[in-house]
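The listed protein sequences correspond, in order, to chains E and P.
Note that the UniProt record's numbering has the first sequence beginning at 1, numbered continuously upward.
Note that the UniProt record's numbering has the second sequence beginning at 1, numbered continuously upward.
There are 2 protein chains.
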Amino acid sequence: MNFHQHVLPNGLQIIGETNPSALSAAVAFWVRTGGRDETPDVLGVSHFLEHMVFKGTQRRNPFQVNRDFSLIGADNNAFTSEENTVFHAAVLPEYLPQLVDVLADIMRPSLREEDFNTEKKVILDEIVRYSVQPQSAAYDRAREFYFRDHPLGNQVLGTTESITALTRDQMQKYFDSRYTAGNIHAIAVGNYDWEAFTKLIEKACGNWPAGQVVRQHRHEVAGPGGQKVVTVPAEKSAQEYVIMMAPGPAADHPLRYASAVLSTIVGDYTGSRLYWALVDPGLADNAGMGSDEYDRAGCQFVSYSCDPENAAECLEIAREVLAEVQKNGITEEELQQAKTKIASREVRAGERTSRRMFTIAKDWAYLNQYRTVDDELRELNLVTRKSISEALERYPIDQMTTTAYGPLEKL
Amino acid sequence: MNFHQHVLPNGLQIIGETNPSALSAAVAFWVRTGGRDETPDVLGVSHFLEHMVFKGTQRRNPFQVNRDFSLIGADNNAFTSEENTVFHAAVLPEYLPQLVDVLADIMRPSLREEDFNTEKKVILDEIVRYSVQPQSAAYDRAREFYFRDHPLGNQVLGTTESITALTRDQMQKYFDSRYTAGNIHAIAVGNYDWEAFTKLIEKACGNWPAGQVVRQHRHEVAGPGGQKVVTVPAEKSAQEYVIMMAPGPAADHPLRYASAVLSTIVGDYTGSRLYWALVDPGLADNAGMGSDEYDRAGCQFVSYSCDPENAAECLEIAREVLAEVQKNGITEEELQQAKTKIASREVRAGERTSRRMFTIAKDWAYLNQYRTVDDELRELNLVTRKSISEALERYPIDQMTTTAYGPLEKL
């Protein structure tokens, strides 16, 4: 494995890891913009724009975009999160030139009025479909309640109102300000020639407008906390979805490994404290703990879903589990077990070219660093019971902001 | 990559592919039994038994089973299909001995009455949860209607009635007759030592009872066909789910590559004929074509889901697409594109240790052959427009048995 980097005169960063024993190559454009970068008048524009990127350019109509990915057997896709919009594809190594040609081309979309109006309907449908899935609806409500007026609480899809009102010109303006070369990096991972790749990117992207972007509201956010539960009655949901949130380490915070180990011990999907307390005895369908790491903000969350009849008992038990850990920490055996679990998952994720690409791109976006799988494992190994105590002190888990979504009127 | 094989005196086959450049190792026990091997009095026993395998042995209670996987960071899981029950896990190479110890141990479960009764409730819940998901319910109804009295139409989960009536002793009898050494193979893939692995398996499984198993009803099955649509009114479903089925190549049939290419051309999730005819214009949420390959039987299916208002128009269009392909075949450009697509997906799947393991295990179960990724690609490359015509002649797609599940009373 070798790491490479290069910056074009317009500010576009190119990074890559070459691995001659891989069988494929994956490429992505990583744009540092997402839901949290949207002002209230353009909520959902990042995600809508992600769709429009596939709707044609000066050189290709939507059919040709699809066809040109198909011709080379590219497995291409894209996603939009709170902070990033990512366009990616994987191919057999011999198709890398064609892949860069089409992937770079679509990054300069025409945003034609007609396509915009057609796609708007698709987005509005997607919002409705998403809103009737209790799990995702519960998550959105919990985030709104936790982040309150901070833009990390924005719904990435936007709302029916915001999307209906959005105009093509607003999207164009957002595109012009956020899709500048200085706010994007190009990455390739797998089996390919680095020099050839940089030349392809330079040719395809060298004329993109320069421009750095500064993100607003980069600070930690704490929800209301306390013991109150906000219930969101949703009679169509059969199960009750309970989500608890508290501050956690940001994406570049040194305590994030301790926090990951803690989450695994408390709430891994199997063999964790919450598993044994809620899932194994059949009280909850599932229960877990995890974390979302953002630019200068982070949050830890605990969630479970269960028969509404069990929701109160589950809440009491979950709070006991969290209070016990907050008070007495974790055991040495739990620590070792969790480290082994995480190491195993990271190593196996590292075997997959596309997954490896996302890890490298994320490290670059948040840490401005390249790190090998071994670097990850080394940092993981440095986690001790002491650093977990530090994490618990800095980011307590016994006063989490709690939202319940489901049939219950009150919890 | 090297392939290895060995047979224990009791008939247990051990196979493996070693890859020194992999970072992990994956192990599985592949039992050749599933829903189609069940008599009407024990419907669902294979899947229920899969759950019971994790509920303890003479050496371990359920807690210890879970703990011993956790201790080594194993990502373990299992699945039951119409023909196979598979138990698998992946670990870092140094944990292979402990992994074989626990994975082999659980393959001889105690089937304790108390655990059986507790788990029965979990299974009954699972049946209910599954039955309210329109997509899976639609699929089950379509299979029942297509396979009629052939056991390939059995629901793998069983029914509320069959599971309620099932006894521990029936499960024990099923276990004794199907989990014999001659009906199981052990497999390891990734970075590990083959000699050491066979010794571990020999030590752990050498005393398993021998015994070959003969599968019943190994023959092709053709549904009613024709142009009639069976509608299954389901008022709780918002969308209409339409599934069309016809005979297709079995798992060892030489035409299965031609059939896979055909499915990709007609119904890949993107860029296929059905995609352009139904999904791109917004008539259907999704549309696809695929195949299920079984032991001496196979079927091709076309499916789409859409707003009930569009269901009739979609059906007409889908039938036109299928009739056109049946009559005039496909183009050379489509052929090349589909081959590239499939090759790309196969190569990338081959990069993942666990996915590679399933492919090798399946080849062994159905073809009694080891095949490299290159072997696969070579066979794929032999597909021509002529062989696709042969597949269409042998397995026509213009008279598919059609089931519609959703709000409509009639389609």
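Ideal Cβ positions, reconstructed from N, Cα and C, are used throughout, including at glycine.
Around the C-beta of residue i, are 16 or more other C-beta atoms found within 10 angstroms, so that it is buried, or is it exposed?
| i | result |
| --- | --- |
| residue 47/E | buried |
| residue 415/P | Because chain P here runs from 1 to 411, residue 415/P falls outside it and cannot be looked at. |
| residue 68/P | buried |
| residue 381/E | exposed |
| residue 253/E | buried |
| residue 206/E | exposed |
| residue 32/E | buried |
| residue 196/E | exposed |
| residue 42/P | buried |
| residue 132/P | exposed |
| residue 165/E | exposed |
Which residues of chain P have a Cβ atom closer than 8 Å to the Cβ of residue i, listed in chain order?
| i | result |
| --- | --- |
| residue 337/E | 70, 71, 73 |
| residue 345/E | 73, 75 |
| residue 22/E | 351 |
| residue 231/E | By Cβ distance, chain P contributes nothing, its closest Cβ being about 23 Å from residue 231/E, past 8 Å. |
| residue 57/E | Simply none; closest approach about 18 Å. |
So which residues of chain P does residue i contact, with C-beta pairs closer than 7 Å?
| i | result |
| --- | --- |
| residue 160/E | Simply none; closest approach about 17 Å. |
| residue 92/E | 343, 344, 347 |
| residue 384/E | The contacting residues do not exist; residue 384/E stays about 18 Å from chain P at best. |
| residue 33/E | Those do not exist, as residue 33/E stays about 25 Å from chain P at its closest Cβ, beyond 7 Å. |
| residue 372/E | Going along chain P, no residue has its Cβ under 7 Å from residue 372/E, so there is no contact; the nearest lies around 12 Å. |
With distance defined between alpha-carbon atoms, name the residue in the options nearest to residue i.
| i | options | result |
| --- | --- | --- |
| residue 350/E | 189/E, 179/E, 307/E, 232/E | 189/E |
| residue 94/P | 407/E, 390/E, 358/E, 344/E | 344/E |
| residue 153/E | 167/E, 145/E, 159/E | 145/E |
| residue 170/E | 45/E, 6/E, 327/E, 53/E | 45/E |
| residue 362/P | 16/P, 1/P, 2/P | 16/P |
| residue 174/E | 259/E, 280/E, 109/E | 109/E |
| residue 364/P | 183/P, 195/P, 165/P, 208/P | 183/P |
| residue 176/P | 211/P, 201/P, 186/P, 164/P | 211/P |
| residue 92/P | 160/P, 27/P, 179/P | 27/P |
| residue 258/E | 229/E, 99/E, 389/E | 389/E |
| residue 51/P | 117/P, 233/P, 194/P | 117/P |
| residue 307/P | 56/P, 241/P, 167/P | 241/P |
| residue 22/P | 200/P, 192/P, 83/P | 192/P |
| residue 158/P | 248/P, 40/P, 142/P | 40/P |
Do you know offhand how far residue i's Cα is from residue j's?
| i | j | result |
| --- | --- | --- |
| residue 85/E | residue 20/E | 28 Å |
| residue 394/P | residue 346/P | 26 Å |
| residue 37/P | residue 81/P | 11 Å |
| residue 72/E | residue 102/E | 10 Å |
| residue 112/E | residue 58/E | 10 Å |
| residue 412/P | residue 121/P | Here chain P covers residues 1 to 411 and nothing more, so residue 412/P does not appear. |
| residue 181/P | residue 313/P | 53 Å |
| residue 225/E | residue 70/P | 32 Å |
| residue 76/E | residue 54/E | 11 Å |
| residue 299/E | residue 244/E | 10 Å |
| residue 6/P | residue 296/P | 26 Å |
| residue 149/P | residue 294/P | 16 Å |
| residue 220/P | residue 274/P | 27 Å |
| residue 384/P | residue 319/P | 24 Å |
| residue 323/E | residue 399/E | 9 Å |
| residue 330/E | residue 272/E | 11 Å |
| residue 280/P | residue 90/P | 39 Å |
| residue 366/P | residue 358/E | 36 Å |
| residue 228/P | residue 401/P | 8 Å |
| residue 397/P | residue 267/P | 12 Å |
List the residues of chain E whose Cβ lies closer than 7 Å to the Cβ of residue i, in chain order.
| i | result |
| --- | --- |
| residue 303/P | Going along chain E, no residue has its Cβ under 7 Å from residue 303/P, so there is no contact; the nearest lies around 18 Å. |
| residue 66/P | 270, 271 |
| residue 359/P | Those do not exist, as residue 359/P stays about 14 Å from chain E at its closest Cβ, beyond 7 Å. |
List the residues of chain E that residue i touches, going by C-beta distances under 9 Å, in chain order.
| i | result |
| --- | --- |
| residue 352/P | 348, 351, 352 |
| residue 198/P | Per Cβ cutoff of 9 Å: no residues; residue 198/P is ~23 Å from chain E at best. |
Name, please, each residue of chain P whose Cβ falls closer than 9 Å to the Cβ of residue i.
| i | result |
| --- | --- |
| residue 18/E | Per Cβ cutoff of 9 Å: no residues; residue 18/E is ~14 Å from chain P at best. |
| residue 402/E | Chain P residues near residue 402/E: none, gap ~25 Å exceeds 9 Å. |
| residue 164/E | Chain P residues near residue 164/E: none, gap ~17 Å exceeds 9 Å. |
Can you name the residues of chain E whose CB is closer than 8 Å to the CB of residue i?
| i | result |
| --- | --- |
| residue 331/P | Within 8 Å Cβ-Cβ: nothing; residue 331/P doesn't reach chain E, min ~13 Å. |
Q: With a floor of 4 residues, list each alpha helix (DSSP H) that falls wholly inside the UniProt domain "Peptidase M16 N-terminal" (16-159) of chain E, ordered by position along the chain.
A: 45-52, 62-71, 96-106, 113-131, 134-147
**Q.** Uninterrupted alpha helix (DSSP H) stretches inside the stretch 350-375 of chain E (no shorter than 4 residues)
**A.** 353-367
Q: Could you pull out every unbroken alpha helix (DSSP H) segment of at least 4 residues lying fully inside the stretch 310-337 of chain E, listed in chain order?
A: For the stretch 310-337 of chain E, the full-length alpha helix (DSSP H) segments reaching 4 residues or more read 311-328 along the chain.
Q: With a floor of 3 residues, list each beta strand (DSSP E) that falls wholly inside the stretch 235-285 of chain P, ordered by position along the chain.
A: 240-247
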